[in-house]
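Just so it is clear: in the sequence shown, position 180 is 705 by the numbering used here, and no numbers are missing. All C-beta atoms in this analysis are idealised placements derived from N, C-alpha and C, irrespective of residue type, glycine included. Taking it in order: structure first as structure tokens, then the write-up.
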Amino acid sequence: MSEGNATGARVTLHLVSSLDGFIARKDNSVSWLDLTGSVYEAGVSVSEEEAAAFIKAIDCYVLGSRTYEHALELGWPYGETPTVVVTGRKLSSTRNSVEFYSGDLRTLLKEKLAPRYRNIWLVGGAILSQRFLELGLVDEIRLTIAPILLGDGLRLFGGSVTEERWDLKNVVAYKNGFVELLYSASSRPLQN
Ligand SMILES: NC(=O)c1ccc[n+]([C@@H]2O[C@H](COP(=O)([O-])OP(=O)(O)OC[C@H]3O[C@@H](n4cnc5c(N)ncnc54)[C@H](OP(=O)(O)O)[C@@H]3O)[C@@H](O)[C@H]2O)c1
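Below is the structure:
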């Protein structure tokens, strides 16, 4: 049972998965995230202003080092929003908004993030997300399902996440065929 991170800040895990549960192809590519052509008439669309306002409300991003390196290659998607990259290596900083962290993840949240930020977005990858989930540091999961089967690749949650109940809070289907599922950490014990 997860009781949230108990710091007062909210940690949202956001990932985009294929229908068959992969977040990247075997070669790490994520070009399938930019799928076009699929139109779901009953879906909603989001204006640029709405998207910008939503993103503006995010106080901080947290990334694993592999996601960081991939984001640098693809084109930085996090703008000037403060971003913490978790790594045990000495990586060189390429942007003023980026800082590196090495060490205990509970300490990261309690001592570095929660005092400064309210709306914290953990945006992958799979390895770092699993560590956060295992430690009960995630308050909500915002999972977007892309309308594609990849067949192989990097598993969303791999095999190391333990059985745990989450409460569905919202579902949004978009015109482009993507579906967003929002879950919050359940305060109820798991029922069989
Ligand atoms: N579809 C999506 O929504 C989505 C989102 C994000 C990423 N991705 C894709 O996922 C892939 C990367 O994911 P990934 O699972 O391979 O890697 P990752 O989670 O991005 O990064 C893993 C690295 O983070 C560091 N790390 C993790 N836990 C740590 C801890 N407790 N303490 C210290 N360092 C820790 C380690 O870095 P060091 O080895 O440097 O010590 C580890 O090798 C990329 O292809 C990316 O494009 C997809």
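So, does the region 637-645 touch the region 531-551, judging by three or more C-beta pairs under 8 Å? Yes: the two stretches touch, three or more of their Cβ pairs being nearer than 8 Å.
How long is the line joining the alpha carbons of T669 and S590, rounded to whole angstroms? Here residue 669 refers to the residue found at position 144 when the sequence shown is read from its first residue. Here residue 590 refers to the residue found at position 65 when the sequence shown is read from its first residue. Across the structure, T669 and S590 are spaced so that their CA atoms are roughly 22 Å apart.
Separation of S709 from L693, as counted between CA atoms: Residue 693 sits at position 168 when you count from the first residue of the sequence shown. Residue 709 sits at position 184 when you count from the first residue of the sequence shown. Going by the C-alpha atoms only, they are around 7 Å apart.
For N644, the nearest candidate out of D559, W557 and I580 (CA to CA): Your numbering for residue 644 matches position 119 in the sequence shown. When only C-alpha atoms are compared, the closest one is I580.
Below 8 Å CB to CB, which residues in the same chain sit around S618 once its five sequence neighbours on both sides are set aside? One-based indexing of the sequence shown puts residue 618 at position 93. If you ignore the 5 residues before and after S618, its C-beta comes within less than 8 Å of the C-beta of E624 and F625, all in its own chain and listed in chain order.
Start-to-end residues for the beta strand (DSSP E) that takes in T537: Here residue 537 refers to the residue found at position 12 of the sequence shown. Where T537 is concerned, the enclosing beta strand (DSSP E) stretches over R535 to S542.
Is it buried or exposed for G683, if we count other Cβ within 10 angstroms and need 16 for buried? Within the sequence shown, numbered from 1, the residue matching residue 683 stands at position 158. G683 should be labelled exposed.
Taking 6 Å as the limit between beta carbons, can you name the residues of its chain near L544, skipping five residues before and five after? Looking up residue 544 in the sequence shown gives position 19. Answer for L544: L674, listed in chain order.
Per DSSP, S709 is paired with what? For the purposes of this step, residue 709 is taken as residue 184 along the sequence shown, with counting starting at 1. E665 and D692.
Taking the alpha helix (DSSP H) that A578 belongs to, which residues open and close that run? As a working note, residue 578 is residue 53 in the sequence shown. Segment E573 to K581, the alpha helix (DSSP H) holding A578.
Rounded C-alpha distance that separates S554 from Y642: Here residue 554 refers to the residue found at position 29 when the sequence shown is read from its first residue. Here residue 642 refers to the residue found at position 117 when the sequence shown is read from its first residue. C-alpha of S554 to C-alpha of Y642: approximately 31 Å in a straight line.
Per the contact definition of three or more C-beta pairs closer than 8 Å, is the region 555-575 in contact with the region 687-706? Touching, yes, given that three or more Cβ pairs across the two stretches are closer than 8 Å.
For a test of your reading of the model: does the CB of R614 fall under 7 Å from any non-hydrogen atom of ligand 1? Yes or no. Numbered from its first residue, the sequence shown carries residue 614 at position 89. At least one heavy atom of ligand 1 is nearer than 7 Å to the Cβ of R614, so yes.
What residue range is occupied by the uninterrupted alpha helix (DSSP H) comprising L597? In the sequence shown, the residue the question calls residue 597 occupies position 72. For L597, the enclosing alpha helix (DSSP H) starts and ends at S590 to L599.
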